[in-house]
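Chains as they are written, first to last, in my numbering: chain A, -7 to 108; chain B, 97 to 206.
Quick reminder that beta carbons are idealized off the backbone N, C-alpha and C, glycines included.
Below is one structure, written out as structure tokens; the observations come after it.
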Amino acid sequence: ETGVTQSPTHLIKTRGQQVTLRCSSQSGHNTVSWYQQALGQGPQFIFQYYREEENGRGNFPPRFSGLQFPNYSSELNVNALELDDSALYLCASRPTPGLAGEDEQFFGPGTRLTVL
Amino acid sequence: SQQGEEDPQALSIQEGENATMNCSYKTSINNLQWYRQNSGRGLVHLILIRSNEREKHSGRLRVTLDTSKKSSSLLITASRAADTASYFCATDDLRGKLIFGQGTELSVKP
């Protein structure tokens, strides 16, 4: 167990709908990243939040957006869902810079999103 | 886009044998990490090797890194059925972004 939790575990939506996925970081971690993992592929970086601000983004359109809250929990929002958005969505948190092990990222169990 | 490639894509061995997986990458890195994933669930961090290190051990795991060839290998010794999983390498440029390979699917038969 990494201490990173995600909800919900599974989600089914239809094309055009909007979805919000949630992540609770491990205690003491103020940086969270989100990844999309399509079936049979490695995870792909969506974006990263540090102290409530986005500070890195991968090659994903603006309809993928996020929030990080003062308690360092995070949300991933996807608007206008498309069939290709079906994937496992993973969040990962990392320790506060300056602490031992700061390079290691701790992943949650993921949310499986199916778009019909 | 993926950073690089993992080889082989799939590996099937008997319990007790060693398993070797290779990873290649394209850009400069600060460190390289290996993760395990069971049945499409969350990623479990196995080991991290920094760009100035050449070899690292953790239990039955041995990782090597050759920055001149932009490649890494993961060796699992005396494999067990419980090692059956997908294994991913990921490079970290210290801006927080991990770039993953496509993974090696390891099957260890009892």
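Judged by beta-carbon spacing, N69(A) lies within the 9 Å limit of L59(A), meaning their Cβ atoms are closer than that value. Of all residues in the stretch 64 to 98 of chain A, only L80, L82, A84, R86, G93, D95, E96, Q97 and F98 come within less than 9 Å of chain B when Cβ atoms are compared, listed by chain position. Using a CB distance below 8 Å, the part of the stretch 116 to 135 of chain B facing chain A consists of N126, N127, Q129 and Y131, ordered along the chain.
For L68(A), the three-state secondary structure derived from DSSP is strand. Distances from the CA of P206(B) to each of E101(B), S108(B), P104(B) and D103(B) were compared; the closest alpha carbon is that of S108(B). In the DSSP assignment, E111(B) falls outside any beta strand (DSSP E) and carries neither an H nor an E.
In the structure shown, L75(A) falls within a helical segment according to DSSP collapsed to helix, strand and coil. The straight-line gap separating the alpha-carbon atoms of W26(A) and D95(A) is approximately 16 Å. Per DSSP, D162(B) is one residue of the beta strand (DSSP E) stretching across L157 to D162.
At least one CB of chain B lies nearer than 9 Å to the CB of F37(A).
For L13(A), no Cβ of chain B is located within less than 9 Å of the residue's own Cβ.
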